[in-house]
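In the working numbering, the protein residues as written are 1076 to 1175.
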């Protein structure tokens, strides 16, 4: 398997426009999602898990009741890669950019 390339400075600079709901923190893209209750949050996590399996790219996440915190990074690249951007956009498409 080929090494995954880390995003260059120009690509990182474009993240704010491409993913306005996500925060760039070091080598992670992070976003918090809030739902009406635990069941809705857990259902979202299940859908993201299926997406992650399809993309073979798994998030770091944390859940308490109605909140889901997601952090994306590519360990194979030692930082952010196009895989993280693709995953963040797919997650946004699942819920719409109005949540968070």
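Note that beta-carbon positions come from the ideal geometry of N, C-alpha and C, so glycine has one too.
The structure presented is a predicted model; accordingly, all values stated were derived computationally and were not measured.
Local conformation of residue i per DSSP, three classes
| i | result |
| --- | --- |
| residue 1133 | coil |
| residue 1126 | helix |
| residue 1102 | coil |
| residue 1109 | strand |
Buried/exposed call for residue i, threshold 16 Cβ in 10 Å
| i | result |
| --- | --- |
| residue 1102 | buried |
| residue 1162 | buried |
| residue 1140 | exposed |
| residue 1125 | exposed |
| residue 1173 | Residue confidence is low: residue 1173 scores 42 on pLDDT, short of 50, so the model does not pin down where it sits. Its coordinate-derived value is still stated next. Under this definition residue 1173 is an exposed residue. |
| residue 1095 | exposed |
Residue closest to residue i, alpha-carbon to alpha-carbon, out of the options
| i | options | result |
| --- | --- | --- |
| residue 1145 | 1120, 1154, 1125 and 1152 | 1120 |
| residue 1113 | 1138, 1087, 1084 and 1086 | 1138 |
| residue 1081 | 1169, 1158, 1092 and 1152 | 1152 |
| residue 1150 | 1159, 1097 and 1091 | 1159 |
| residue 1117 | 1106, 1136, 1104 and 1099 | 1136 |
Opening and closing residue of the beta strand (DSSP E) in which residue i lies
| i | result |
| --- | --- |
| residue 1146 | 1142 to 1147 |
Boundaries (first-last residue) of the alpha helix (DSSP H) holding residue i
| i | result |
| --- | --- |
| residue 1159 | 1157 to 1170 |
| residue 1082 | Run containing residue 1082: none; DSSP gives neither H nor E here. |
| residue 1154 | Element bounds for residue 1154: n/a, residue is neither H nor E. |
| residue 1090 | 1090 to 1093 |
- [ ] Would you check if the stretch 1152 to 1168 and the stretch 1120 to 1135 touch, i.e. whether three or more CB-CB distances between them fall below 8 angstroms?
- [x] Per the Cβ contact rule, the stretch 1120 to 1135 is in contact with the stretch 1152 to 1168 (3 or more Cβ pairs under 8 angstroms).
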